[in-house]
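Numbers -30 to -1, 1 to 523, taken from mature numbering (1 follows the signal peptide of the UniProt record, and there is no 0), label the letters of the sequence shown in order. Even glycine gets a Cβ: it sits at the ideal position worked out from N, Cα and C. Note that the structure is predicted; figures quoted are calculated from it, not measured. Have a look at the structure below before the remarks.
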Amino acid sequence: MRHFFKPLFGLALLLCALTLTAVASPPASAQETPPQPSEEEIAQAEAFRAPVIVDGDTLFHIRGSSALPAPERAENIQNAIITVAESSDRPDVSITFEETDLGTRILADGVMVSIVTEADAELDQMDLKVLTALHADAIREAIRSYRANRTDEARVSGAIEAGAWTLGFVVFVAAILWLHRRIRRRTLSVVRRYLRDVEEATAKSVQAEAIAALIRYALNFILLILFFLGFYYYLSFVLLSFAETRYFAQLLLTYLTEPVLLIFRGIIAYIPNLIMLALIAWVAMYINKGMRVFFDAVEAGTFELGDFEKHWVNPTFNIARVVVILIALVFAVPYIPGSDSAAFQGLTILVGAMLSLGANSVVSNMLAGLFVIYRRSTSIGDRIQIGDHIGDVVQIKLMETHLKSIKNELISIPNAQLMNSDVINFSKPTDGNGLLVHTTVGIGYEEPPEKIEAMLIEAARRTKGLKVRPAPFVLWTALADYAINYQINAYTTRGNSIPKIRSDLHRNIVAVFNENGVQIMTPSYMADPPEPKIPSAPWDGRLAHDAREDTDD
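Put into structure tokens, the structure is as follows:
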């Protein structure tokens, strides 16, 4: 039994040794394989390649050398192929090969057309014989096609094809002209029919002729683009019908079709981004609609938010809407085509610099507008005084505040000025007593002060709009050279009617002083006149000419 396993054990050791030797030592054929060129070497070689083109068809690419650049070598091969093709009318061509020290020559009908070298095979990463056979097949087909395209039958077929394209182009131009005339006639009537209700609602502010002219211009521009594309492709297809002009036709098609296809492929590639942009826009729009419903409910009183005032609804909604739009833009920028390009980033920096340099006053007015809206000191409907301007607040915008003066004038005040000025609010209650209406009169020292105070208080009591309680009171504001300055003060809760109340107070003061024979001192007082400067008798309401007419009667 021991003698039986001993040879098997030796055979197993021999197989293991052979296996390890095969693994450690690669086969000789693998060692003799030439090293593969790197990607950098291939890219450099591609830069020195040139296409061989016959009748607009690219047969193959060849490389050049320092002695014979690739474009010159390609031109020599093209000329040789054309020379062989024009030397005979036979539909077939004889291709032979000749081995040389430089490489394998390709002969067509006994004429050398090209030579395939080891460098060409190395560049294409292909065996020399295989590459030579491929070049030979391409040369054979090019010569056959060159001869076939220049027969009488081919020229007649090309002429028929060009005529068919011409007929189609004539029909195309006729359709363009018909659409142009149709647009001119139908646009105005269609716009008038669809905008009739809009014109009635806007009192003819929307002119159908203007809108029709804009639509007509846009449609005519589209027709012009279609005509240009049609003419361009018509010319290309006509040139493509003849072998002599086929190369130029393919150039024309390449110049226009490649950019269009590039744009189309770009649009197709950006479809996922466009879907994401549409989704972001839809979410932002949906959130804004939800906020609009919420703030409408707050304005209607359905929801109560503590001290939140109703005139804050629209500005708060606008601020929230802008915030949502800005957040949506932040999410959308990475999906905008070209957002990662240097041009887009440079444009963004330029716009930011322009806004930061040129919008200082705009930003200050906007921030001031927010403070004006939310600081509670000024509300719509309040009567306020800013400098020399007195009026009712009719609108508070983000940039400016509109006042309607007591003379019914519209005053526009920038919000920055409103923030930096003293604002007197006649409508905001400070306590339960109301506002103090006051005016000053100068009375001589010879008059009893108690009498003057009683007369001023009586004038205040006669004035409508002034409160009886708290009672009016008089202050001595100055002891002037010739008179004592008395100031009558009375409370009122009608802040919007102060000009009318003060006017009535002045009228009543003059009436009370005239009734009691007391003269109001003038600022340019010189001396006491012989008689007080007061009316001798109350006016009967008639003018001088009315009295003369009564006398004549």
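If we count the other Cβ atoms within 10 Å of its Cβ and call it buried at 16 or more, is isoleucine 471 buried or exposed? buried
Taking one C-beta from the segment 384 to 399 and one from the segment 458 to 466 each time, how about it: are there three or more such pairs within less than 8 Å? yes
Which of the three DSSP states is assigned to tyrosine 217 in this structure? helix
In chain order, which beta strand (DSSP E) runs of at least 3 residues are fully inside the segment 436 to 505? 443 to 449, 454 to 462
Residues in the same chain with beta-carbon distance under 6 Å from valine 300, minus the five sequence neighbours each way, listed in chain order, please. none
Where does proline -4 fall in DSSP's three states? Below a pLDDT of 50, predicted positions are generally treated as unreliable, and proline -4, at 41, falls in that range; the measurement from the model is reported next regardless. In this structure, proline -4 counts as coil in the three-state DSSP scheme.
With 16 as the cutoff for other CB atoms within 10 Å, does isoleucine 192 come out buried or exposed? exposed
Can you tell me which of the three DSSP states glycine 414 falls into? coil
Excluding five sequence neighbours on each side, which residues of the same chain lie with their C-beta closer than 7 Å to the C-beta of serine 58? Asp79
Residues in its own chain within less than 6 Å of alanine 460 by CB, not counting five upstream and five downstream? Val407, Ala430, Leu436, Pro442
Please work out which residues of its chain come closer than 6 Å, Cβ to Cβ, to glycine 73, disregarding the five sequence neighbours upstream and downstream, and give them in chain order. Ile85, Val86, Thr87
With DSSP as the reference, label threonine 3 as helix, strand or coil. Low per-residue confidence applies at threonine 3: pLDDT is 46, beneath 50, and the placement is therefore not dependable, though the value from the model is reported in the following sentence. Coil.
Quick check: the Cα distance between alanine -3 and alanine 44, rounded to an integer number of angstroms? Here the model assigns alanine -3 a pLDDT of 39, short of 50, so the residue's position is not dependable and the matter cannot be decided.
Looking at valine 63: is its Cβ nearer than 8 Å to the Cβ of arginine 114? yes
Bridge partners of glutamate 228, per DSSP? Answer by DSSP bridge pairing: none, since glutamate 228 is not bridged.
With phenylalanine 265 as the anchor, note down where its alpha helix (DSSP H) starts and where it stops. 241 to 270
Would you call the CB atoms of proline 32 and glutamine 48 closer than 8 Å? Position check: residue 32 holds isoleucine in this sequence, whereas proline was assumed. Contact: no.
Apply the 10 Å Cβ neighbour rule to alanine -7 and answer buried if 16 or more other Cβ atoms are within range, or exposed otherwise. Note that alanine -7 scores 39 on pLDDT, short of 50, meaning its location in the model is unreliable; the coordinates nonetheless yield the value given after this. That one is exposed.
If you scan the segment 42 to 120 from start to end, which runs of the beta strand (DSSP E) of 3 or more residues do you find wholly inside it? 65 to 69, 73 to 78, 81 to 87
Beta-ladder partner(s) of aspartate 362, from DSSP: Arg353, Lys374
For methionine 416 and isoleucine 458, what's the separation of their Cα atoms in angstroms? Note on residue identity: the sequence assigns glutamate, not methionine, to residue 416. Glutamate 416 and isoleucine 458: Cα-Cα distance of roughly 19 Å.
Which residues DSSP lists as bridging histidine 31, in chain order: Pro21
Taking just the CA atoms, how far does valine 482 sit from aspartate 474? 12 Å
Paired residues, beta bridge with serine 127 - DSSP: Looking at the DSSP assignment, serine 127 forms no beta bridge with any residue, so it has no partner.
Can you find at least 3 beta carbon pairs, one from the segment 219 to 231 and one from the segment 131 to 140, that sit closer than 8 Å? no
Is DSSP giving isoleucine 306 helix, strand or coil here? coil
Where leucine 296 and proline 242 are concerned, what is the direct C-alpha to C-alpha distance, given to the nearest angstrom? 22 Å
List the residues that DSSP assigns as beta-bridge partners of serine 206. Answer by DSSP bridge pairing: none, since serine 206 is not bridged.
On a CA-only basis, which of Ile383, Lys367, Arg432 is nearest glycine 361? Give me that one, please. Ile383
Let's test the definition: count the other Cβ atoms within 10 Å of the Cβ of phenylalanine 265 and tell me whether it reaches 16, buried, or not, exposed. buried
Answer yes or no: do threonine 157 and alanine 188 have a C-beta to C-beta separation smaller than 8 Å? no
From glycine 322 to glycine 316, what distance separates their C-alpha atoms? 10 Å
According to DSSP, valine 407 sits in a beta bridge with which residue or residues? Ala460
On the DSSP bridge assignment, give the partners of glycine 395 in chain order. Per the sequence presented here, residue 395 reads as asparagine, with glycine not at that position. In the DSSP output, where bridge partners are listed per residue, asparagine 395 has Ile354.
Identify every residue that forms a DSSP beta bridge with leucine 380. Lys374
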